[in-house]
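Following: one structure in structure tokens, then a few remarks.
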Amino acid sequence: MNLEFTQEELEFQQSIRDWMQANVPDDIKRCSAVGEMTGKELQQKWERLLGERGWLALTWPKQYGGPGWTATQRYIFDLERAMAGAPPTSPFGVAMVGPVLYTFGSQEQKDRWLPGIVSGRTLWCQGYSEPNAGSDLASLKTRAERRDDHYLVNGQKIWTTQAHWADMMFCLVRTDSTVKQQKGISFLLIDMKTPGIEVRPIYSIDGHHHLNEVYFTDVRVPLENLVGQEGMGWTIAKFLLTHERTTIAGVADSHHEISRLKKAVAEAPGFLDKSQARQRIAELEIELMALEYTNFRTVAATDEGKPFGPESSGLKIKGTELQQKVSQAMVELGGMMSLTWDNPETVGSDIFNRATRRYNFLRACTIYGGSNEIQKNVLAKMLLGL
Amino acid sequence: MNLEFTQEELEFQQSIRDWMQANVPDDIKRCSAVGEMTGKELQQKWERLLGERGWLALTWPKQYGGPGWTATQRYIFDLERAMAGAPPTSPFGVAMVGPVLYTFGSQEQKDRWLPGIVSGRTLWCQGYSEPNAGSDLASLKTRAERRDDHYLVNGQKIWTTQAHWADMMFCLVRTDSTVKQQKGISFLLIDMKTPGIEVRPIYSIDGHHHLNEVYFTDVRVPLENLVGQEGMGWTIAKFLLTHERTTIAGVADSHHEISRLKKAVAEAPGFLDKSQARQRIAELEIELMALEYTNFRTVAATDEGKPFGPESSGLKIKGTELQQKVSQAMVELGGMMSLTWDNPETVGSDIFNRATRRYNFLRACTIYGGSNEIQKNVLAKMLLGL
Amino acid sequence: MEFNLPENTTLIADTARRYLKDNYSFEIYRQQLEQQNHVDASRWSAMQELGWFGLPFAESSGGFDGTLLDVAMVVRELGAALCLDPYVDTVVAPGKLLEYIGSDATLAMLSDVIDGRARLACALYDYHAGYQVLRPSMKLNGKRLSGQKNFVPDGGVADTLLTTALADGELLVLAVPVAACETTRYRALDGGRIANVLFDEVEITDGMILARGKQAERALSMLLTYLQALDCARMYGAAGALYQRTLEYSKTRKQFGVAIGSFQIIQHYLVDMFIDLQQLESMLLMVAVKAESEDACRRERASTAAKAYYSDKAVRIAQQAIQIHGGVGVTEELDIGHYFRLVTHCSLTHGDRAYHIKRFAELDEVHPGE
Amino acid sequence: MEFNLPENTTLIADTARRYLKDNYSFEIYRQQLEQQNHVDASRWSAMQELGWFGLPFAESSGGFDGTLLDVAMVVRELGAALCLDPYVDTVVAPGKLLEYIGSDATLAMLSDVIDGRARLACALYDYHAGYQVLRPSMKLNGKRLSGQKNFVPDGGVADTLLTTALADGELLVLAVPVAACETTRYRALDGGRIANVLFDEVEITDGMILARGKQAERALSMLLTYLQALDCARMYGAAGALYQRTLEYSKTRKQFGVAIGSFQIIQHYLVDMFIDLQQLESMLLMVAVKAESEDACRRERASTAAKAYYSDKAVRIAQQAIQIHGGVGVTEELDIGHYFRLVTHCSLTHGDRAYHIKRFAELDEVHPGE
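Chains as they are written, first to last, in my numbering: chain S, 1 to 386; chain Y, 1 to 386; chain P, 1 to 370; chain C, 1 to 370.
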């Protein structure tokens, strides 16, 4: 039992902190300090910077360009990244399709796609959800019919984050509708510039454009863009769901949000009952501590090469609930300062002025990637035997 | 729209308050002030006192001994009763078997049983639940076989409140096991002194004896003790469930508990953060206000002869949740003062010293009479059409 | 007690609902979001013709003698329709303040409000003072008014502001032309237009001072409870709409081959929403009757409790409506997320939950039932 | 980081579990509830033989050099077994206080504790001072000690009390014979025996003063964090037992012809309990390691956070365990309600939730991860 970072880890932490201090671009820090979204340009700038440093594909084996860090080091990196005000990196390339490719892909596929991901040059998006296949993903309908040298893809995806930024999409498609739902699904890589793809924006209630509908009309996808075999799509999707859980709880970003909130409260005008506000924040910090140590257990298990323990099963549920609570506290402690939507001036505090953006945005975090209700159904069955 | 009591109602309220002031026995007030249970003796003393005054069977038609009050007057009476520190009256005679008898009973049954109830001289208990028929009441197994001039009853009841005090039990029994569960149930009146009845105490986690198991071994019950026809038991039970909702929310007693809590906080030693404590109590008071006005809507509808509206459906759920919250606040605001169980001395405050008794006792209030979960199932079906 | 709406009130509510159904829509709302002001001339004059402008005011003030309850029913319907027309901000709020002051001068101004000729808004808050309306940070030194007001809900149209300042510690209510100030208009969380207003040595003439001292305090305190009640009414309209839409969605949306409303957990979520909505309705009726009481303690107990309760339960209903809708609930395409923002907005105006809980704890006690 | 229990700690925990399984039971617990003290001679000497008496203390103090983590695992098992034997109250608490003071005199007393010859208890609280252990209301005037202590967990057996008083504003720790005081023993919420103790001009000799000033404060503050961690350990044992029993019950108890665990709402209740229990486990490991840190800030942050968290989540697990059990959960017959009382009890000792939230908010900040 050792709940401290080792001397080496502390030195690592310091070195990351120093690097972040020196390298996180000022325009990113500015966004983060007030709670503004980083757009595509800043996000790319940041990811390429990390890519150049070899710090983008943190979980990857060294041979594919990972830094060869332990889970603890990755955790420390994520913490320092968040506390320095830098955004999380987009998960679609690095955390999702990358591991799929080096696990299930052919040598050719690895050679072709991994370098673009590890360097932050290729942007990916995830084509999973469909209008009538939300929580019930296996019922998806977008079909890919095999023709001589290509698949012909027709159908529609929805909730596709960053599809309007992406160069490539990894996509679940139905290649066989005669077998059991799960068995007929395949995993395809689709170039977003292929004719027949139309991307329509969906604006979120934070006022921003994150999500899209993507329509496929006779889209020709080369056969070599199939990962694994036909019918393996569901297996690959499940592999991804259980792949990386060491940062799923969002502990690092919750730390950063709480520190922003404390700063805003400290600087707030005198009308705010600060002792009361600090107690509300203390409750959040304590919940975060419980989550963080639960997360540490998963990180430590990962470093020991053990499978995820039961502690990891609640990380996403608790983590998303906490993110929502923190953002709600920020809105409510801001009082009227949280009422501004597109005010060009600062009223009291930029942090509070922009608080509802994040609060609105985060309503989605208990929904996407399998709603918390679905997760509880699964846990009841798998873990509790109910 | 008129949310004030009328001048007549205010005068009525004052007269009840004066009467309570003068007539609630001191030993009862003493119990109530510190949160002690009234035992059988005090309870009976109080109910007989009300019976003499004609104020026991409040909802009954005048012809059977009711006071002829409006629902509003009953509500006012209940409020003043609680605020004066008097206990609620036992529901089994007055609120349950009484209405059943004057609605479904024969003239002979009415003549025989109603006078004892209205005067507080006969104590009743309710034989519904069985070990394997809790929330699923219709699956009850206690059977009554018809013999010449009597029913022969065998089986077991459980959770029978005050069976050890009661003179009589009204009881659901199975008279026919060949038909659909609900159809085979009958409503019997059983003299608790009949040979073959054994009452065994169940101690509750507040340390008191409220509940019992009741065993029936070849208990002979006269045929004339059947209410209505054989097989009508389920209909009668359902009639009772929807009968009186004007006091089901426990608003009066929650008012009294909150006023006790405020008193205890006001008198608490200096270490307690009183501003914080008062805010916690304010939250409870506001919830009580929402419940109270919802309750008023049901009371007003009753006085207008209207059926219960949708507002009444949540009264028990919200009312019991609030009772639990108030009692938990009392325990927690008491801090260490709530740790004493049978301390002969007062440590700080009697109210806090006894707070966990009520807190423990009230864990049952979201369970009995159909758990809140069952109630929600029913509401989803009946009201929401789900 | 009696909870039936008076016939006249029911008529007003039904008319409002029908009018908005025929003349307003989510599409109009979304266009309005993009506009710099919220007044559509034809709707505005229709609302006046419906009698809404005179409704909140006594006959002796030239109004139609409507109760707060009447006005609340209109505002409930505006909330239910997501309507951004600034009826409360530019008619009810300034009009009630003028009426509560009740001088010849203010009653003359009120008649312009009722006639639809005035473009007024109340500028009562600044971020320094927070919710402490009776202690504004703006100062009048001699004839010069200096300071700022924020969160001024002017609908993008006001030309005169009813505002507050301290002069030697005494509270004043003033009427100041917007033209004399520096104004930044922007969009608020609910989609309405609000403004920051800078008063830089604005010259104040005697006629611009509408009330002072106790009279000003009393008028403002009565205005606040009135507006808090209307916040609840608007939230009720939105929460009711959210519940209805979510219930319907749960019956039609299928996942795993069945309607999501067949899942017990969704059923319990909806029952909780339903029960809370019933309690919200009770609190709305309560506050709509009591918040215009002459008795300050009764008034404040009512509005403070109602606002605290709404800021908890209506917010919770809005959150659950999104959760049950899933992805589609967090998009601009669907009205759900817009109602959600409206509810959040109203939970923060005229005192948020923490403010009201604290205030309630400080109010005097009364015997239950009184 | 590394969360594996040291082999030795696992051995200690397993031994404790096995010992209690073989030698303790719900029936013994219920007998013990009726007794005037909680010491059963044979179990008491067995516990000593198991090494528990020396476990919490350094080798240099004559102990076996166990960590707080080791002790916490024993206490967790005592909680899981509902065991009332006053190990913490009459061995760990007084022993650690003596050790933290660390004078020749107190170390000599400690060796009597380790040998099982001493019958000590800590009398640190009175209801006037509440949780403010460093500001007791008892006073030493000259040689005379006057005041009272309440909630003294003496297990019904202590003959000497380690207690606190102020002398001219300076904090003292004293050892006072129970015989010199007026004692009222009674049952506490968890079923243990506690006492009110009246000190009426008790004559104090120099030898009875064990520590004063900063030394006394430091020893007491270290003791408190240690005991707060053990409160969590005991609650964890109880909450874990409640969860296990409730899960099993939900698989066997049938209603409407099916196991109640087949209802989605019960499944979600249980998943919530399970997830909370995981977080409680994390917090237990955290606090058991950090609460004996030399660094006061680190120590207090850990124990204050853990205690606040437990007083919320363990309490909630206990409430849900009863709700899922239904009627049988609220009877004395079943252990569920007894665990429930134990959890409530521990949520109130050494600082309740509100106290710890406030305290945490006042503690200094640290960079996350440090």
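C-beta atoms are modelled at their ideal positions from N, C-alpha and C, and glycine is treated no differently.
Burial state of residue i (16 or more Cβ within 10 Å)
i, result
"residue 18 (chain Y)", "exposed"
"residue 208 (chain P)", "buried"
"residue 81 (chain Y)", "buried"
"residue 99 (chain Y)", "buried"
"residue 108 (chain S)", "exposed"
"residue 154 (chain P)", "buried"
"residue 133 (chain Y)", "buried"
"residue 380 (chain S)", "buried"
"residue 370 (chain P)", "Reliability fails at residue 370 (chain P), whose pLDDT of 49 lies under 50, so the model's placement of it is uncertain and the value that follows must be treated cautiously. Looking at its Cβ environment, which holds fewer than 16 other Cβ atoms inside 10 Å, residue 370 (chain P) is exposed."
"residue 4 (chain C)", "exposed"
"residue 284 (chain S)", "buried"
"residue 148 (chain P)", "buried"
Per-residue contacts from residue i into chain C (C-beta, under 8 Å)
i, result
"residue 264 (chain P)", "263, 264, 265"
Contact check, residue i vs residue j, beta carbons under 9 Å
i, j, result
"residue 156 (chain S)", "residue 216 (chain S)", "yes"
"residue 143 (chain Y)", "residue 173 (chain Y)", "yes"
"residue 69 (chain C)", "residue 162 (chain C)", "no"
"residue 321 (chain P)", "residue 76 (chain P)", "no"
"residue 150 (chain S)", "residue 199 (chain S)", "no"
"residue 66 (chain Y)", "residue 59 (chain Y)", "yes"
"residue 219 (chain C)", "residue 67 (chain C)", "no"
"residue 297 (chain S)", "residue 324 (chain S)", "no"
8 Å Cβ cut-off: residues of chain S touching residue i
i, result
"residue 270 (chain C)", "380, 384, 386"
Residue i: CB within 8 Å of a non-hydrogen atom of the ligand PLP
i, result
"residue 357 (chain Y)", "By its list of ligands, the structure shown contains no ligand whatsoever, and the ligand PLP lies outside what it can speak to."
Proximal chain S residues relative to residue i, where beta-carbon distance stays under 9 Å
i, result
"residue 279 (chain C)", "287, 290, 291, 293, 294, 311, 314, 318"
Proximal chain P residues relative to residue i, where beta-carbon distance stays under 9 Å
i, result
"residue 297 (chain Y)", "1, 3, 278, 281, 282, 285"
Contacts of residue i in chain Y (Cβ-Cβ under 8 Å)
i, result
"residue 6 (chain P)", "1"
Under 7 Å by beta carbon: chain P residues contacting residue i
i, result
"residue 389 (chain S)", "Since the first residue of chain S shown is 1 and the last is 386, residue 389 (chain S) is not available in this structure."
Three-state secondary structure (DSSP) of residue i
i, result
"residue 181 (chain C)", "coil"
"residue 32 (chain P)", "helix"
"residue 103 (chain C)", "coil"
"residue 9 (chain Y)", "helix"
"residue 158 (chain Y)", "coil"
"residue 390 (chain Y)", "Residue 390 (chain Y) is absent from the structure shown; chain Y starts at 1 and stops at 386."
"residue 221 (chain Y)", "strand"
Chain-ordered chain P contacts of residue i [CB-CB under 8 Å]
i, result
"residue 364 (chain S)", "327, 330"
"residue 130 (chain Y)", "Those within 8 Å of residue 130 (chain Y) in chain P number zero; the least Cβ separation is about 25 Å."
Neighbouring residues, chain C, relative to residue i (Cβ below 7 Å)
i, result
"residue 340 (chain Y)", "186, 188"
Quiz item: What residues in the segment 249-271 of chain Y have a beta carbon less than 8 Å from any beta carbon of chain C?
Solution: 269, 270, 271
Practice problem: Select from the segment 287-312 of chain C all residues with a C-beta closer than 9 Å to any C-beta belonging to chain S, and list them in chain order. | Solution: 288, 289, 290, 301, 302, 304, 305, 306, 308, 309, 312
Quiz item: If contact means a Cβ-Cβ distance below 8 Å, which residues of the segment 36-49 of chain C contact chain S?
Solution: none
Self-check item: Members of the segment 349-360 of chain C that neighbour chain Y once the beta carbon cut-off is set at 8 Å
Solution: 349, 352, 353, 354, 355, 358
Quiz prompt | chain P contacts from the segment 151-163 of chain Y (Cβ-Cβ distance under 9 Å) | solution = none
Quiz item: For the segment 167-201 of chain Y, which residues have a CB atom closer than 7 Å to at least one CB atom of chain C, in sequence order?
Solution: none
Quiz prompt | Residues in the segment 337-349 of chain P having any Cβ partner in chain S nearer than 9 Å | solution = 337, 338, 340, 341, 344, 345, 347, 348, 349
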